[in-house]
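Undergrad:
Residue numbers (this note's numbering): 41 to 213.
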């Protein structure tokens, strides 16, 4: 799966070497399945490669022995807040792959959700006339919102709806 993001053999070999080398293809697949754009996925893969070099420096040989102390020591070395946040997100993906937790693919929405998404996609294309990349981004956001909604209990959603003020009504002129 790394070939989707990188083409040079030296880069691929470097990413597949080290403590996390055996996991890198699975991590790349997870980023793709989760819906990350290639540029964003490459940033996360680069952060994981930096973490891999750090693990080699501190003598960690097994990805399953990664603990919060190691992660915090690595994050303390980050130069700025932005690098720290992207590194934290990348490591979260890494740990989910290493622990074997499954992800729910966004390509398999529930029956009602798929009809809503299909209609929304038609609206974005036919009414709004948006280009394919823009539509894909908006569809991804819609899938994530629907997944979030499905994961919530009714009381939480009801409370959220009641606490949201009414949207203003705009009349077109």
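Each residue gets a CB set at the ideal place from its N, CA and C atoms; glycine is no exception.
(1) For residue 105, I'd like the list of residues in its chain whose CB is within less than 6 Å of its CB, leaving aside the five on either flank, ordered along the chain.
(2) Look at the alpha carbon of residue 109 and the alpha carbon of residue 97, and state the distance between them as a whole number of angstroms.
(3) What residues in its chain sit with their C-beta under 7 Å from that of residue 216, if we drop five residues either side in the sequence?
(4) Reducing DSSP to helix, strand and coil, say where residue 86 ends up.
(5) Using alpha carbons as the reference points, say which of 129, 159, 117 lies closest to residue 80.
(6) Given a cut-off of 9 Å on the beta-carbon distance, is the pair residue 87 and residue 119 in contact?
(7) Beta-carbon of residue 203 versus every beta-carbon of chain D: anything under 9 Å?
(8) Are the Cβ atoms of residue 78 and residue 45 separated by less than 9 Å?
(9) From what residue to what residue does the alpha helix (DSSP H) around residue 99 run?
(10) For residue 151, collect the residues of the same chain with a Cβ closer than 6 Å to its Cβ; drop the 5 residues on either side in sequence, then sort them by chain order.
(11) Which complete alpha helix (DSSP H) runs does the segment 165-206 hold, if anything under 4 residues is left out?
(12) Following a CB-centred definition, is residue 43 positioned closer than 8 Å to any heavy atom of the ligand PLP?
(13) Report buried or exposed for residue 23, applying the criterion of at least 16 other Cβ atoms within 10 angstroms of its Cβ.
(14) Residue range of the alpha helix (DSSP H) that residue 220 falls in?
(15) In chain order, what residues of the same chain lie with their CB nearer than 8 Å to the CB of residue 179, ignoring the 5 residues before and after it?
(16) Report the rounded CA-to-CA distance for residue 51 versus residue 117, giving the unit in angstroms.
(17) Measuring straight from C-alpha to C-alpha, what distance separates residue 71 and residue 140?
TA: Taking the structure as given:
(1) No residues qualify anywhere along the chain.
(2) When rounded, the separation of the alpha-carbon atoms in residue 109 and residue 97 is 15 Å.
(3) With the chain covering only 41 through 213, there is no way to say anything about residue 216.
(4) Helix.
(5) Cα-wise, what sits closest to residue 80 is 129.
(6) No, the pair does not count as a contact, with Cβ atoms beyond the cut-off.
(7) The structure shown contains no chain D, having only a single protein chain.
(8) In this structure, residue 45 lies closer than 9 Å to residue 78 by Cβ.
(9) Per DSSP, residue 99 lies in no alpha helix (DSSP H) and is assigned neither H nor E.
(10) The predicted position of residue 151 is uncertain, since its pLDDT is 48 and thus under 50; a value taken from the coordinates is nonetheless stated next. Nothing meets the Cβ criterion.
(11) Annotation note: the segment 165-206 contains the following uninterrupted alpha helix (DSSP H) runs of length 4 or greater, listed N- to C-terminal: 172-191, 194-203.
(12) In the structure shown, the ligand PLP is absent, as is every other ligand, since no ligand is present at all.
(13) This structure cannot speak to residue 23, because the chain is shown only from 41 to 213.
(14) Only positions 41 to 213 of the chain appear in this structure, which leaves residue 220 out of reach.
(15) Hits under 8 Å: 157, 160, 161, 164.
(16) Cα to Cα, the separation comes out at about 23 Å.
(17) Put simply, the backbone Cα of residue 71 is about 14 Å away from that of residue 140.
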